[in-house]
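Below is one structure; the comments refer to it alone.
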Amino acid sequence: MIKVQSQDFDIGAELAALSHGDTTIGGVTSFVGYVRDLAGDESVSAMTLEHYPGMTEKMLGDIEARAQARWPLAATLIIHRYGDLKPGDRIVLVACASAHRQASFEACNFLIDWLKTEAPFWKQERTAAGPRWVESRATDATAAQRWQTPKPAK
Amino acid sequence: MKLLYFAWLRTRTGLGEEEIALPQDVRTVRDLVDWLRQRGPGFSAAFENMKVVRAAVNQSYVQLDHPVSEGDEIAFFPPVTGG
Numbered sequence: 001m002i003k004v005q006s007q008d009f010d011i012g013a014e015l016a017a018l019s020h021g022d023t024t025i026g027g028v029t030s031f032v033g034y035v036r037d038l039a040g041d042e043s044v045s046a047m048t049l050e051h052y053p054g055m056t057e058k059m060l061g062d063i064e065a066r067a068q069a070r071w072p073l074a075a076t077l078i079i080h081r082y083g084d085l086k087p088g089d090r091i092v093l094v095a096c097a098s099a100h101r102q103a104s105f106e107a108c109n110f111l112i113d114w115l116k117t118e119a120p121f122w123k124q125e126r127t128a129a130g131p132r133w134v135e136s137r138a139t140d141a142t143a144a145q146r147w148q149t150p151k152p153a154k
Numbered sequence: 155m156k157l158l159y160f161a162w163l164r165t166r167t168g169l170g171e172e173e174i175a176l177p178q179d180v181r182t183v184r185d186l187v188d189w190l191r192q193r194g195p196g197f198s199a200a201f202e203n204m205k206v207v208r209a210a211v212n213q214s215y216v217q218l219d220h221p222v223s224e225g226d227e228i229a230f231f232p233p234v235t236g237g
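In the order they appear, the protein sequences are chains A and B.
FYI, the numbering for the first sequence is 1 to 154, going by this note's numbering.
FYI, the numbering for the second sequence is 155 to 237, going by this note's numbering.
Put into structure tokens, the structure is as follows:
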């Protein structure tokens with residue numbers, strides 16, 4: 001399931017709903033991303049997340065379908081926020097449910113790596129020097145590329 | 155065709171979106187970028203370095219040699235920084 005929204009989410013309620021009623025699920029792995037108050041040496045007072053409505057949902061759906069084709073997953077969830085956020089706010093939740101832990105760990109890792117390089121979101125941070133667009137990191141591209149080698153967990 | 159600009163491409167061009175008629179002799183995304191650059195300093199600054207610009211046609215990532223046609227939704231934006 002994909003949710004792109006400005007409002008906050010309740011991690012406990014979302015994870016409970018993800019596995020509710022499916023007793024084949026043996027484990028759920030989740031990743032929660034937060035707004036940091038520091039970028040390099042500079043203090044960040046607030047952040048705005050811009051996105052491309054339509055393409056964002058399409059890309060997240062593609063990424064989710066790729067994970068489901070690669071690992072035996074009972075359920076997946078991606079929630080990503082947009083709009084104005086402050087340090088400490090939740091930005092993203094990725095969760096994967098599977099019969100066994102290895103598939104859920106790997107799929108969760110895969111989803112957040114791909115999301116960071118493929119999903120059309122852009123962060124603008126507000127610092128003492130003014131607003132600035134966050135630049136993409138080479139390490140994020142490297143993290144996503146490691147999944148190009150097909151080694152699914154069984 | 156509909157053109158969309160995000161993040162610093164939006165601030166440099168001064169536009170979030172616009173409707174234009176397919177310009178004559180524009181066949182590919184690269185042709186369109188060359189045409190857009192001629193429109194003024196904001197546009198030439200936005201498309202100065204294509205290594206930091208990604209393009210999407212009808213909400214799918216494409217390379218610069220991808221064809222464009224009337225009715226397409228074409229978006230330009232920097233490498234993504236979500237998550």
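Every residue gets a Cβ at the ideal spot worked out from N, C-alpha and C, and that includes glycine.
It should be emphasised that the depicted structure is a prediction, and the values quoted were computed from it without experimental measurement.
- Each residue's CA atom was taken as its position, placing B/GLN178 and A/GLN7 some 44 Å apart.
- The beta carbon of A/GLU118 lies closer than 7 Å to those of MET59, ILE63 in the same chain, with the five residues before and after it left out.
- Residue state for A/ASP84 is assigned as strand, using DSSP reduced to three classes.
- Taking the CA atoms as reference points, A/ARG70 sits about 12 Å from A/GLN102.
- Look at the segment 195-225 of chain B: the residues with a C-beta under 7 Å from a C-beta of chain A are ALA210, GLN213.
- Between the alpha carbons of A/ASP37 and B/ILE174 lies a gap of roughly 41 Å.
- Fully contained in the segment 5-92 of chain A are the following beta strand (DSSP E) runs of length 3 or more, in chain order: 27-34, 42-51, 73-81, 83-85.
- For B/PHE230, not one C-beta of chain A is nearer than 7 Å to its own C-beta.
- Pairing A/LYS123 with A/LEU18, the inter-Cα distance amounts to about 28 Å.
- Contact of A/GLY130 with chain B is not assigned, every C-beta pair being separated by 7 Å or more.
- For A/ILE112, the neighbours in chain B by C-beta distance under 7 Å run, in chain order, GLY237.
- By the neighbour-count criterion, in which a residue is buried when 16 or more other Cβ atoms sit within 10 angstroms of its Cβ, A/THR142 is exposed.
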